[in-house]
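Per the numbering used here, the very first residue in the sequence shown carries number 613; after that it's consecutive.
I have placed the structure first, in the form of structure tokens, so that the comments after it can refer back to it.
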Amino acid sequence: MKQFATRKEIKRIYYVIINVPYTGLQNLLTDDLISFYNSGSSGWNWDCYDLGNGLAVCTGYSNRVGEKLSREFIKSFDDKAKEELRLQNFTSVEAFINKQKELISEFREEALKVINA
């Protein structure tokens, strides 16, 4: 279940935070990965996805926190996730989850290379 959090709390909890526009990684990230959300006077601002190893992705409309990556980088992973997760017929939920974990691990590695470059 996701909990309310402020930008300051997210910065304190996670070592690396990636800032992604709304629907930027819609094919890779699923609702079960959401740990935190933020809202304000205008309503919902963002969700924070815990990707493990101190890395999180904040995605939403406004007031997001984190490092911005290029649109091309984000789109390449979202397209790959769409191809490998959404367009495949998985025989079990476990097979889907395992493939998602594999893609998230790959995203985490590549994103850290870009951020630390």
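For each residue, glycine too, the CB sits at the ideal point set by N, CA and C.
Computed from a predicted structure; not experimentally measured.
Grab the span of the alpha helix (DSSP H) containing residue i for me, first residue to last.
{"i": "residue 705", "result": "705 to 728"}
{"i": "residue 693", "result": "683 to 693"}
{"i": "residue 620", "result": "619 to 625"}
Do you know whose CA, among the options, lies nearest residue i's CA?
{"i": "residue 736", "options": "620, 688, 674", "result": "With the chain represented from 613 up to 729, any question about residue 736 goes unanswered, as that position is not in the structure."}
{"i": "residue 623", "options": "643, 654, 642, 666", "result": "666"}
{"i": "residue 668", "options": "720, 728, 684, 714", "result": "720"}
{"i": "residue 643", "options": "728, 725, 709", "result": "709"}
{"i": "residue 727", "options": "713, 703, 685", "result": "685"}
{"i": "residue 712", "options": "676, 697, 626, 625", "result": "697"}
{"i": "residue 664", "options": "655, 725, 654, 625", "result": "625"}
{"i": "residue 649", "options": "641, 655, 659", "result": "659"}
Please state whether DSSP places residue i in a helix, a strand or coil.
{"i": "residue 648", "result": "strand"}
{"i": "residue 663", "result": "strand"}
Report the rounded CA-to-CA distance for residue i versus residue j, giving the unit in angstroms.
{"i": "residue 618", "j": "residue 673", "result": "15 angstroms"}
{"i": "residue 615", "j": "residue 700", "result": "32 angstroms"}
{"i": "residue 584", "j": "residue 620", "result": "In the structure as shown, the chain begins at 613 and stops at 729. Residue 584 is therefore absent and cannot be evaluated."}
{"i": "residue 652", "j": "residue 707", "result": "38 angstroms"}
{"i": "residue 738", "j": "residue 647", "result": "With the chain represented from 613 up to 729, any question about residue 738 goes unanswered, as that position is not in the structure."}
Determine the extent of the beta strand (DSSP E) in which residue i is found, giving its start and end residues.
{"i": "residue 631", "result": "628 to 633"}
- Message: For the stretch 636 to 646 against the stretch 677 to 696, do three or more pairs of beta-carbon atoms, one drawn from each stretch, fall closer than 8 angstroms, so that the two count as touching?
- Response: Yes, the stretch 636 to 646 touches the stretch 677 to 696.
- Query: If you pair each beta-carbon of the stretch 668 to 682 with each one of the stretch 613 to 631, do three or more pairs fall below 8 angstroms?
  - Reply: Contact holds: three or more Cβ-Cβ distances are below 8 angstroms.
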